Amino acid sequence: MDRKRVTQIKSDFDLVIHTEKTTGIEFWHARELMVLLDYERWENFEKAIFRAQESCENAGISTFDHFREVTKMVTLGSGSKRTVKDYMLTRYACYLIAQNGDPRKESIAFAQGYFAVQTRKQELIEERISLIERTEAREQLKESEKRLSKNLYEHGVDEDGFARIRSKGDQTLFGGYTTQEMKTKLSVNRNRPLADFLPTLTIAAKNLANEMTNYNVEEKDLQGEPSITKEHVQNNQSVRDMLRDRGIKPEELPPAEDIKKLERRVKAQEKKLAKEVSALPSDDNN
């Protein structure tokens, strides 16, 4: 997500912050947040709230402190008025709702970053979004590799053959460097997956090559290690050529921080976030 887009979305989110009059505690109304998170139906958004409440309870935190059911008056198209259910939500509640959404949606990825940081400074939000994009790319790569392994097994390739095919794909993508040579180049422990230390762009490149191979193995019903190796090498070469045309060489990109460390830091930040946020006041007439 580029900086201009982040600025635009941040402005929309900032406009719906409410402040409780007597305590100064910030909160959000669920029906306003629903629109920002691109939910069209209240019933679907309330399901996301329920999932977030479960996450809150599982963390040993009182949902009453962060999710408060309220009623509000709305004007219908006919001009008449009626009351509808709504919720007051703390920043922690909003964060949990975003965590239960699909981070591939731009609005959800932004919300995860926006509500995760106390000050909501744009540079911190951008940093958090970058982390979300990388972890999501890593999960997508795991899934494409799992599917590739299954496809290869069903098309006559055993586990050792899968390792060889994947290795030859890496060697093509990285301009002749083998997986182990890339680990050495990036100072990665030989027992750790290389992808845990790759930047988002390279992870996405590997994932694209995998998906291309998956597609053609299934569509062309490729059988055996030789034909599938040829396919996978060609796909990695195509991805490499595309990157090269944009002046990018995957083997020259610097390593990213160990994704396992990032995941631990996110968990620690989430616990800290729950402690930082003040509980909603008992009076719900907001």
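Numbering (my numbering), first residue to last: 421 to 706. C-beta: ideal position from N, C-alpha, C; glycine also. Predicted model only: the values in this text are computed from it and were never measured.
For this session: Spell out a yes or no on whether the region 638-651 and the region 683-694 are touching, meaning 3 or more CB-CB pairs, one atom from each, closer than 8 Å.
Result: no
Problem set entry | DSSP-derived helix/strand/coil call for N706 | Low confidence applies to N706: its pLDDT is 49, below 50, so where it sits in the model is not reliable enough to give any reading.
Problem set entry | Range covered by the beta strand (DSSP E) that runs through F484 | That residue, F484, is in no beta strand (DSSP E); it is neither H nor E in DSSP.
Exercise. At what residues does the alpha helix (DSSP H) containing D434 begin and finish?
Worked result: R423 to D434
Problem set entry | Cross-strand partners of V504 (DSSP beta bridge) | K492
For this session: Measure the C-alpha to C-alpha separation of A557 and F484 and round it to an integer number of angstroms.
Result: 35 Å
Exercise. Under 9 Å, do I469 and I429 count as touching if we go by C-beta distance?
Worked result: Contact flag unset, no.
For this session: Would you mind working out which of N634, A624, E547 and E563 sits nearest K423, comparing C-alpha positions?
Result: Looking at the sequence shown, residue 423 is not Lys but Arg. Closest option to R423, Cα to Cα, is E547.
Problem set entry | Span of the beta strand (DSSP E), counted from its first residue to its last, around H449 | That run of the beta strand (DSSP E) goes E446 to H449.
Problem set entry | Assumed close pair L593, R660 - CB separation to whole angstroms, cut-off 8 Å | 5 Å
Problem set entry | Identity of the residue in D578, D590, Q657 and R567 nearest N634 by Cα | With distances taken between Cα atoms, N634 lies closest to R567.
Problem set entry | With 16 other Cβ atoms within 10 Å as the buried cut-off, status of M662 | exposed
Problem set entry | Inter-stretch contact at 8 Å, needing at least 3 Cβ pairs: the region 599-618 / the region 668-682 | yes
For this session: Along the alpha helix (DSSP H) that carries E460, what are the first and last residues, could you check?
Result: In the DSSP assignment, E460 falls outside any alpha helix (DSSP H), carrying neither H nor E.
Exercise. CA-CA distance, K695 and V537?
Worked result: Between the alpha carbons of K695 and V537 lies a gap of roughly 13 Å.
For this session: Give me the Cα-Cα distance between L693 and N464, rounded to the nearest whole angstrom.
Result: 26 Å
For this session: Counting only runs of 4+ residues fully inside the region 516-561, write out the alpha helix (DSSP H) ranges in chain order.
Result: 526-536
Exercise. Can the beta-carbon of A699 be found less than 9 Å from the beta-carbon of P670?
Worked result: Not in contact: A699 and P670 (Cβ atoms no closer than 9 Å).
Exercise. When DSSP builds the beta bridges, which residues end up paired with L673?
Worked result: In DSSP, L673 forms no bridge with anything.
Exercise. Going by alpha carbons, who is nearest to P613 out of N636, E553, S587 and M632?
Worked result: S587
Exercise. Could you check where the alpha helix (DSSP H) with N611 kicks off and where it finishes?
Worked result: Per DSSP, N611 belongs to no alpha helix (DSSP H) and is neither H nor E.
Exercise. Hey, how far is the Cα of G521 from the Cα of R610?
Worked result: 35 Å
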